[in-house]
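> Numbering (UniProt numbering), first residue to last: 1 to 258.
Below you will find the structure I want to go over with you.
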Amino acid sequence: MAWHPAVPGLTEVFHASFTDHVYPPHTHDAWTLLLVDDGAVAYELDRHAHGASPAAVTLLPPGVPHDGRSRFPGGFRKRVLYLAPGTLGEGRVGPAVDRPAIADRLLRHRISGLHAALRPHTEDLEAQSRLALVLERLTQHLDRAVAPAPTVRDDLLADRVRELLDARVADGLRLDDAAVLFGVHPTHVVRAFTRRHGLPPHRYLTGRRIDLARRLLLDGMPAAEVAGAAGFADQSHLTRHFRRMLGTTPAAYARSAA
Numbered sequence: 001m002a003w004h005p006a007v008p009g010l011t012e013v014f015h016a017s018f019t020d021h022v023y024p025p026h027t028h029d030a031w032t033l034l035l036v037d038d039g040a041v042a043y044e045l046d047r048h049a050h051g052a053s054p055a056a057v058t059l060l061p062p063g064v065p066h067d068g069r070s071r072f073p074g075g076f077r078k079r080v081l082y083l084a085p086g087t088l089g090e091g092r093v094g095p096a097v098d099r100p101a102i103a104d105r106l107l108r109h110r111i112s113g114l115h116a117a118l119r120p121h122t123e124d125l126e127a128q129s130r131l132a133l134v135l136e137r138l139t140q141h142l143d144r145a146v147a148p149a150p151t152v153r154d155d156l157l158a159d160r161v162r163e164l165l166d167a168r169v170a171d172g173l174r175l176d177d178a179a180v181l182f183g184v185h186p187t188h189v190v191r192a193f194t195r196r197h198g199l200p201p202h203r204y205l206t207g208r209r210i211d212l213a214r215r216l217l218l219d220g221m222p223a224a225e226v227a228g229a230a231g232f233a234d235q236s237h238l239t240r241h242f243r244r245m246l247g248t249t250p251a252a253y254a255r256s257a258a
């Protein structure tokens, strides 16, 4: 089940159970705040192995590649809040990458309370108040570490390419055009981007397009129209990538939000 909450700072709520679905490497444009209620998840974040279980809260920062799979045959059940990028700030991405698992019972209790307050026919003020308490606790954890700030030329190139991709999610960007724009070889663009962001430009763009498709589906756009609006060649192209990344079809995802 997925829906757009009417609470500033929250972009999406997602509740789901999976048995054998494997998430390929991808990124999100929002902070991912994950509670695993049953089972456990094994995943890599920025090419380092981690695990998510009911014993801890998991926080994945925006723009950092990660994958995911069930650690046990029985699958897992999860609840996810997607937080707008500005809620925690870019400066806290580094600490989140270093320590995505937060063993904090109070934080987990606050997040569970926020999920309950986001159900239909609940008071917006309660949800807003609970979100403020969750963000306060997350900030306390993240501010205990200092994020690195590299300023390598290739990193700047990779960041500029990502900015272009973010600005042209539906239209896309030709690799040759990016190479000409920055005065480098196309291969250099791919290597710099992959080294900086953990996955090649085309896979990053596919992830952004899936994010856009999800938002459009939750906004009520028919699945048949979402493909073109999100930059996919056709509906089958969208369905193939959507199923690969989320374990369900666009139509089923839209029905779960109804």
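Glycine included, C-beta positions come from ideal geometry on N, C-alpha and C.
Note that the coordinates shown come from a computational prediction; the quantities given were computed from them, not determined experimentally.
Taking buried to mean at least 16 other C-beta atoms within 10 Å of its own C-beta, is M245 buried or exposed?
Translated into positions along the sequence shown, residue 245 becomes position 245. Buried, by the Cβ-count rule.
> According to DSSP, is T187 part of a helix, a strand, or is it coil?
Stepping through the sequence shown from its first residue, residue 187 is reached at position 187. Helix, per DSSP.
> Here's the rule: buried if 16 or more other CB atoms are within 10 angstroms of the residue's CB, otherwise exposed. What is V180?
Residue 180 sits at position 180 when you count from the first residue of the sequence shown. Its Cβ having fewer than 16 others within 10 Å, V180 is exposed.
> Pull up the CB-CB distance for A229 and L216, whole angstroms please, since I reckon it's below 8 Å.
Walking along the sequence shown from the start, residue 229 turns up at place 229. Walking along the sequence shown from the start, residue 216 turns up at place 216. Contact flag correct, Cβ pair sits at about 6 Å.
> Ordered along the chain, which non-local residues of its own chain (more than five positions away) have a Cβ less than 7 Å from that of A103?
Walking along the sequence shown from the start, residue 103 turns up at place 103. Only A55 and A56 meet the Cβ criterion.
> Going straight from the alpha carbon of T11 to that of R196, what length do you get?
Here residue 11 refers to the residue found at position 11 when the sequence shown is read from its first residue. Here residue 196 refers to the residue found at position 196 when the sequence shown is read from its first residue. Looking at the two C-alpha atoms, the distance is approximately 26 Å.
> Put R79 into one of helix, strand or coil per three-state DSSP.
Indexing the sequence shown from 1 puts residue 79 at position 79. Strand, per DSSP.
> Does R215 come out as helix, strand or coil in the three-state DSSP assignment?
The residue you call residue 215 lines up with position 215 of the sequence shown. Correct three-state label for R215: helix.
> What did DSSP end up calling V22 once you bin it into helix, strand or coil?
On the sequence shown, residue 22 is found 22 positions in, with the first residue counted as 1. Here V22 sits in strand by DSSP.
> Give every residue of the same chain whose Cβ lies closer than 8 Å to the Cβ of P186, excluding the five residues on either side of it in the sequence, and list them in chain order.
Taking the sequence shown and counting its residues from 1, the one referred to as residue 186 is at position 186. The answer, listed in chain order, is L175, D176, A178 and A179.
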